[in-house]
Amino acid sequence: MTLMAGKSSVPLTKPGPTHPAAEGNHPPDALLVDRLRLGEAAAGESLVRKYYQPLVRYLQRLVGNEQLAEELHQQTWLSVLEHLGRFDARNVSGGFKAWLFRIATNKANDHWRSAGREKAAKHGLKQITDETLPAADFRMEGSEQEMKLKRAIEQLPEAQKQVLMLRYYSNLKFIEIAEMIGCPLNTALGRMHKAMLKLKELMAD
Amino acid sequence: MEWERGNRRSQVAMSNLLHELENNEAILLMYLAGELPEEDRVEVEQMLANDPALRAELAELTVLQDGVTGIMERVDAKSDLSRREAIVRQVSRALTAARLQPLRTESAPAETARPRLRIAWWAYPIAIAAALLVGIMLLSDNHPMNLPAPQSNQFVDSRDSFQPQATAQIFPDDLEKELISLNSEGTGLFGTGSPDLDR
């Protein structure tokens with residue numbers, strides 16, 4: 040009897056050079072953060088470049104709009120700079136990456152609160168329909184699969200979507216994700232499991 | 041087959057983390073993610089070896105996880121972040137501008153700074169004493185600026201008659217007498233043909 044190894048053959052976190060986990064081309068976060076604190080603009084650009092893809096993708100999946108994701112992305116980094124003096128990696132489980140994604144998550148949540156999304160969801164309104172697609176200047180990503188995934192993600196409950204997207208794009212540990220969003224580990228794991236089941240079901244339709 | 045915690049607890053000492061996980065899905069997700077402590081991982085593998093149903097559950101979860109990963113990867117691969125460089129530069133410029141702004145405020149040029157008036161510490165009590173002295177002098181009866189108080193405290197109704205009151209010697213005696221006599225006759229200072237000012 041062959042036991043499975045401790046990890047899946049294809050982990051849910053993205054492998055490859057585009058993932059922040061692949062830090063071969065970038066200095067460690069701690070070093071870049073220290074240099075940014077000293078006012079080195081190049082360190083800031085390095086951090087932005089390092090986390091650009093996962094962070095923007097994460098925000099895109101959360102808010103379902105590329106332009107909005109870019110705006111929230113910029114707001115996230117400005118907020119990072121504003122609060123950098125108070126950031127201490129020793130006090131944040133998951134370090135700078137977890138802190139960065141927490142800020143991004145808060146930005147997305149703030150947007151939805153101001154947009155009244157929660158109110159719409161409580162009334163059972165369909166949040167995105169063909170009639171309510173983004174404005175004409177929104178650049179259509181084009182592929183049918185992309186749109187199908189977008190619609191599927193939008194149908195996930197917000198809490199489940201957040202955990203699933205965080206896990207996939209940030210590569211943070213489950214215990215770090217639970218701490219970031221302020222819920223018990225079991226809750227985070229439960230949301231993850233339900234999100235995966237729901238997403239697969241929706242994509243199979 | 042449900043995980044029997046009682047049996048496991050009696051057989052193997054559980055770590056705190058494994059004890060906190062409430063169901064099989066949670067345990068297996070942590071196991072698949074490789075995020076269980078070593079002792080917990082060993083324990084889970086022992087149970088998997090002895091429980092076919094648990095192994096089947098793990099296989100289902102693996103397929104589910106792989107499926108979701110595959111979907112996300114395929115979609116992201118087709119979706120091009122062509123504005124990457126532009127966005128990175130834009131955000132970097134914003135960070136630089138935000139970073140420089142407090143520095144500009146802190147280093148204001150010297151020529152725009154207003155010169156501060158330096159006052160020695162001993163000047164303050166002297167100034168207070170001088171102010172008190174002036175105040176006492178002003179309130180003193182012997183001060184030439186003080187005018188004598190009116191003799192009468194009775195209220196005089198100006199509608200009845202004009203009662204000349206003692207005033208300071210401002211005008212010469214002859215002029216003063218003339219003014220008083222004019223007012224007593226009711227002619228007013230404007231003469232008998234004075235216009236009706238109340239009209």
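As given, the protein sequences belong to chains W and G, one line each in that order. In terms of our numbering, the first sequence is residues 40 to 244. In terms of our numbering, the second sequence is residues 41 to 239. Backbone N, C-alpha and C fix where the C-beta goes; we use that ideal spot for every residue, glycine too.
Listed along chain G are Val131, Ala134 and Leu135, each with a C-beta nearer than 8 angstroms to that of Trp116 of chain W. Put simply, the segment 92–104 of chain W touches the segment 138–151 of chain W. At least three CB pairs are less than 8 angstroms apart.
Only residues of its own chain outside the window of five on either side were considered, and among them Val87 have a CB closer than 7 angstroms to the CB of Trp116 of chain W, listed in chain order. Look at the beta carbons and you see the segment 190–209 of chain W not touching the segment 61–72 of chain G: under three pairs across the two are nearer than 8 angstroms. DSSP, read as helix, strand or coil, puts Ala73 of chain G in strand.
Here the alpha carbons of Leu111 of chain W and Ser119 of chain G stand approximately 19 angstroms from one another. Straight through space, the alpha carbons of Val103 of chain G and Glu85 of chain G are spaced by roughly 19 angstroms. Listed in chain order, the non-local C-beta contacts of Val119 of chain W below 7 angstroms within the same chain comprise Leu139 and Ile142, local neighbours out to five positions each way being set aside. Counting along the chain, no alpha helix (DSSP H) covers Pro196 of chain W, and no H or E run does either. The three-state secondary structure of Leu236 of chain W, taken from DSSP, is helix.
Chain W has a Cβ within less than 7 angstroms of the Cβ of Met112 of chain G. Below the 7 angstroms Cβ cutoff, chain W contributes no neighbours of Asp91 of chain G, its closest Cβ being approximately 11 angstroms away. In terms of Cα proximity to Gly133 of chain W, the closest of W:Ile216, W:Ala227, W:Leu224 and W:Tyr91 is W:Ile216. Residues of chain W whose Cβ lies closer than 7 angstroms to the Cβ of Val108 of chain G are, in chain order, Leu51, Met235, Leu238 and Lys239. The straight-line gap separating the alpha-carbon atoms of Asn64 of chain G and Arg96 of chain W is approximately 31 angstroms. Contact between Arg76 of chain W and Leu123 of chain W holds, since their C-beta atoms are separated by about 6 angstroms, short of 8 angstroms. Sequence-ordered contacts of the segment 83–98 of chain W with chain G read Gly83, Glu84, Val87, Arg88, Tyr91, Gln92, Val95 and Arg96 [C-beta pairs closer than 8 angstroms]. The DSSP-derived three-state label of Phe135 of chain W is helix.
Straight through space, the alpha carbons of Leu236 of chain W and Ile127 of chain G are spaced by roughly 34 angstroms. For Phe213 of chain W, the enclosing alpha helix (DSSP H) covers residues Phe213 to Ile220. Distance from the Cα of Glu60 of chain G is smallest, within the candidate group W:Ala147, W:Glu218, W:Pro223 and W:Leu195, for W:Pro223. Neighbours of Ile127 of chain G in chain W, taken as residues whose beta carbon is under 9 angstroms from its own, are Val87, Tyr91, Val95, Glu109, His112 and Gln113 in chain order. In this structure, the CA atom of Gln113 of chain W is about 14 angstroms from the CA atom of Ser85 of chain W. Here Leu135 of chain G is buried: its Cβ has 16 or more other Cβ atoms, across all protein chains shown, within 10 Å.
Taking a beta-carbon distance threshold of 7 angstroms, Met242 of chain W counts as an interface residue toward chain G. The beta carbon of Phe135 of chain W sits no closer than 7 angstroms to any beta carbon of chain G. Within chain W, the residues placing a beta-carbon under 8 angstroms from that of Met70 of chain G are Phe213 and Leu228, ordered along the chain. For Arg158 of chain G, not one C-beta of chain W is nearer than 7 angstroms to its own C-beta.
Only residues of its own chain outside the window of five on either side were considered, and among them His112, Thr115, Leu139, Phe140, Ala143 and Tyr208 have a CB closer than 8 angstroms to the CB of Leu94 of chain W, listed in chain order. When Cβ-Cβ separations below 7 angstroms define contact, Ser122 of chain G makes no contact with chain W. Glu75 of chain G and Lys212 of chain W have their alpha carbons spaced roughly 7 angstroms apart.
Annotation: the continuous alpha helix (DSSP H) that includes Ile166 of chain G extends over Ala163 to Leu179.
The alpha helix (DSSP H) runs of length 4 or more contained entirely in the segment 72–158 of chain W are, from start to end of the chain, 80–102, 105–122 and 134–154.
Distance from the CA atom of Asp80 of chain G to the CA atom of Phe135 of chain W, rounded to whole angstroms, is 28 angstroms. Among the residues facing chain G, Ala80 of chain W is included, as its CB has a counterpart in that chain under 7 angstroms away. For Ala138 of chain G, at least one C-beta of chain W is nearer than 7 angstroms to its own C-beta.
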